[in-house]
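In the numbering used here, the protein residues as written are 2 to 109.
A virtual CB, placed ideally from N, CA and C, is assigned to each residue, including glycine.
Written out below as structure tokens is the structure these notes cover.
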């Protein structure tokens with residue numbers, strides 16, 4: 002086999018593994034929610050952990066973000082974007098919570 006077809010096979014294998022992992026994690030979340038119900042706190046924790054695992058699978062297998070030096074800039078860009086989104090979301094929650102307290106409309 003030539004080098005190009007070997008690289009294509011390796012890339013296709015990575016996509017199949019990523020797709021299978023994503024399907025497995027998504028099916029696991031639906032199964033946990035169906036079997037145990039959505040009211041328990043343990044289910045929320047399990048869904049959050051499986052969501053983080055899903056994020057890692059998506060980043061590694063589809064966006065090719067790993068620990069190599071060549072993809073470090075991409076990882077920096079993603080982390081900076083997450084930081085900006087967290088600042089916006091948490092700032093909004095903080096401001097709205099402060100406004101609710103000042104207007105005496107906080108839930109009892």
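- Going by DSSP, residue 60 is part of no alpha helix (DSSP H) at all; its letter is neither H nor E.
- Around the C-beta of residue 57, fewer than 16 other C-beta atoms lie within 10 Å, and the residue is accordingly described as exposed.
- The Cβ atoms of residue 54 and residue 26 sit closer than 8 Å to each other.
- At the C-beta level, residue 51 and residue 29 come within 8 Å of one another.
- In this structure the region 17-24 touches the region 62-74; the number of beta carbon pairs closer than 8 Å is three or more.
- Linking residue 33 to residue 44 through their CA atoms gives a straight-line distance of about 7 Å.
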